[in-house]
Amino acid sequence: MAIALHARSAAPPDRVVTLLNVSYDPTRELYQDIDRAFAATWKARTGQEVVIHQSHGGSGKQARAVIDGLQADVVTLGLAYDIDEIAERAGLLPRDWQSRLPYRSCPFTSTVVFLVRKGNPKRVRDWDDLVRPGIAVITPNPKTSSGGRWNYLAAWGYALRKQGGNEGAARDFVSRLYRNVPVLDSGARGATDTFVQRGLGDVLIAWENEALLVVKELGRGQFELVTPSESILAEPPVSLVDKVVDRRGTRAVAQAYLEFLYSEEGQTIGARHYYRPQLRSVAARYAAQFPRLRLFTVDEVFGGWQKAQRTHFADGGIFDQIYQPGR
Amino acid sequence: MRRWLIRILLGVYGAEALSGLALLGVVLRARFRRRYPPRGATLHGKRVLPGFRVALGWTVFYLLLIVLIPVSALCLKAASLSWRQFWSAVTSARALAAYRLSFGVSLAASLIDGVIGLLLAWVLVRYRFPVRRLLDGLVDLPLALPTAVSGIVLTTLYAPHGWIGRRLQPLGIKVAYTPLGIVVALIFIGLPFAVRTIQPVLQDLDPEIEDAALSLGANLWQRFYLVILPELLPAWLTGVTLAFARGLGEYGSVVFIAGNMPMRTEITPLLIMTRLDQYDYAGASALAAVFLAVSLGLLLGMNAMQRRKSVLPILM
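Pasting the structure below:
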């Protein structure tokens, strides 16, 4: 309220527009830069001032907040299923939202890699090392964190696609992996804190951007990044929230904001924050900073998010069964 | 939706302000009357406290608005499940483990608070020393500190590489990310309740009674056990009950120190939050309703215990 009043006194009402971007946990730094750059671009193009407010948290929690009435103009969440739920449960956007922007509405991709302590004392090289007895693995709760779900599916996919892999082997592999997990944080940033600040665990399974952020900035010289032989292609999507932008009259600016993510400038900012850009030219420029590994998609291995969610993360699904006693 | 909520809240606070004025009026009138009693009226046959009807009316109205309506909404949401769904939601192995943990750690922490609280209150009331005032103020700190802050601080201290955790590790004691860690957090959160309920009773307890007991030949243990404890017990029970209730509902500090592992260190409030984050509103309400009912039963039981004098010999 105070902010709105202040903004109004600073400029005539039609000269200032506000947007709320509801995003997932580790994108704080990314959108700080994006928002600043977009505000400058928009001002230059239209003369209108735009103030973008950010909200961050576990992807599922954020989607629920939007369903419960948080007035988000755009959502930039960790996985498509959470935006599907907003369409499904609250009807705030059309069900085919994902086909409205290029690359299935994912301006950036990412993947899942490992972070270990300096010198890699436990000699972690690939997924198989994570299920060895005596290795403590940190990963967030897949029930509440999108990063946690990508991690889980990456492990499952690895075990399934490995020589002689099948459903049973994958299930056994994932059960053994989660037996090595001492703490389940509710979001990806929480898991990073547990590993980096509290010094718990030998390996952190993390978003690539989060791992690179730690290695290059937060904990310089204390951690190493380990790239597994293969991993999952993480596709965090973005969308307008139609009902909200139409009610607030912010559709044009919100749409421009999302398109800005795909622009040369937006893609460069993303790459600087270690998100893999879609635009060829930018991708080529930043190719050196991203490790090369085989990537599989959710659609390939799990038949899409809806199915993966039902089988693995729904109540009584495979993730719950892992934690049932006597198994 | 939000406007609707704001209107209700305004209504509640407006009503509260109005009723506060009304109550003030009643009290002032009572004072006036006591000082200038109406001719012919005696205290006999009249209530000592006036305004009973107004007060009762307001109490019922307030409870209805603040407690009963939200609770009914909760039960209504839970009722959208079929009986079978409800039963399986609230009796799943994971839910049962969460209830056990929540009630277990809260009980343990509140009993420990009872012991430490008694000691603290005793020292603060019976002794005079330089930093007493400061200590007295510090007791309330856990109430003011955001629970997330206390959770993060405790976790940092007790984590395996933390300042305290590092020293406990060689002894084989793990605190952070175990049920023990939750107990530590709840002791911290509940302590003010124990101290603040015992303190005033202890203050009113005349040391001369103890002197009398001493002169009659009671030894130290008998003086504590037969003279002081019976006087303190109701207040002590109240303090422990408050700390227990606070522990049951505590979320902010526990999620940081607990580790949040299903079946092992997942408290019921966290399980409810997890259900919500999975869009399972009805399941979350079902869990909440059961948790509420059991808590209410336990609290009523503990309240009843405080009222019954006959319970004293049993407890001793």
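So the sequences go chain by chain: Y and X. Residue 79 in the numbering used here sits at position 79 of the first sequence, and the numbers go up by one each step. Take any residue in the second sequence, count from 1 to its spot, add 1000: that is its number in the numbering used here. Beta carbons: idealized from backbone N, C-alpha and C, even for Gly.
Runs of the alpha helix (DSSP H) lying entirely within the region 1246-1279 of chain X and spanning at least 4 residues, in chain order: 1254-1258, 1268-1277.
Residues of chain Y whose Cβ lies closer than 8 Å to the Cβ of Tyr1127 (chain X) do not exist, since the nearest Cβ in that chain is about 39 Å away.
With respect to chain X, the C-beta atom of Gln222 (chain Y) has no partner C-beta closer than 8 Å.
Leu279 (chain Y) carries a coil assignment under DSSP once its states are collapsed to helix, strand and coil.
Cα atoms of Leu1111 (chain X) and Ala90 (chain Y): separation of roughly 46 Å, rounded to the nearest angstrom. For Leu20 (chain Y) against Ala80 (chain Y), the beta-carbon gap comes to about 20 Å, at or over 8 Å, which does not count as contact. At a cut-off of 8 Å, the C-beta of Tyr1062 (chain X) has no neighbouring C-beta in chain Y.
With fewer than 16 other beta carbons inside 10 angstroms of its own, Thr1091 (chain X) counts as exposed. His273 (chain Y) sits buried, since 16 or more C-beta atoms from the chains shown fall within 10 Å of its C-beta. For Ser186 (chain Y), the nearest CB of chain X lies under 8 Å from its own CB, placing it at the interface with that chain. Taking all protein chains in view, the Cβ of Thr1147 (chain X) is crowded by 16 or more other Cβ atoms within 10 Å, so the residue is classified as buried. Residue contact check for Thr1147 (chain X) against chain Y: no CB pair falls below 8 Å. About 7 Å separates the CB atoms of Asp1277 (chain X) and Gly58 (chain Y); that is less than 8 Å, so the two are in contact. For Glu265 (chain Y), the enclosing alpha helix (DSSP H) begins and ends at 264-272. For Trp1163 (chain X), there is no enclosing alpha helix (DSSP H), as DSSP marks it with neither H nor E.
When secondary structure is reduced to three states using DSSP, Ala72 (chain Y) falls in the coil class, being assigned neither helix nor strand.
Within chain Y, the residues placing a beta-carbon under 7 Å from that of Leu1276 (chain X) are Arg64, ordered along the chain.
For His53 (chain Y), the secondary structure class from DSSP, reduced to helix, strand or coil, is strand.
Taken through DSSP and simplified to helix, strand or coil, Ala254 (chain Y) comes out as helix. Where Leu293 (chain Y) is concerned, there is no enclosing alpha helix (DSSP H), because DSSP gives it neither an H nor an E. Interface residue (Cβ-Cβ distance to chain Y less than 8 Å): Thr1156 (chain X) is classified as such. For Glu235 (chain Y), the three-state secondary structure derived from DSSP is coil. Straight through space, the alpha carbons of Arg15 (chain Y) and Val1255 (chain X) are spaced by roughly 43 Å. Between the C-alpha atoms of Leu1242 (chain X) and Arg1307 (chain X) there is a straight-line separation of about 15 Å. Legend: CB atoms of the region 182-209 of chain Y lying less than 8 Å from CB atoms of chain X belong to residues Pro182, Val183, Leu184, Asp185, Ser186, Gln197, Arg198, Gly199, Leu200. Here Ser1106 (chain X) has Leu1186, Phe1244, Gly1247, Leu1248 as same chain residues with Cβ atoms under 7 Å from its own Cβ, once five neighbours each way along the sequence are excluded. At least one CB atom of chain Y sits nearer than 8 Å to the CB of Tyr1177 (chain X).
Closest option to Val50 (chain Y), judged by alpha-carbon separation, among Y:Pro291, Y:Arg251, Y:Ala314: Y:Arg251. The C-alpha of Val1195 (chain X) is placed about 51 Å away from the C-alpha of Phe173 (chain Y). By the 16-neighbour rule on beta-carbons within 10 angstroms, Pro94 (chain Y) is exposed.
Rounded to the nearest whole angstrom, the CA to CA distance from Lys307 (chain Y) to Val298 (chain Y) is 10 Å. In this structure, Thr139 (chain Y) and Val113 (chain Y) do not form a Cβ contact; the two beta carbons are roughly 12 Å apart against a cut-off of 8 Å. Within chain X, the C-beta atoms nearer than 7 Å to that of Asn141 (chain Y) come from Asn1260, in chain order.
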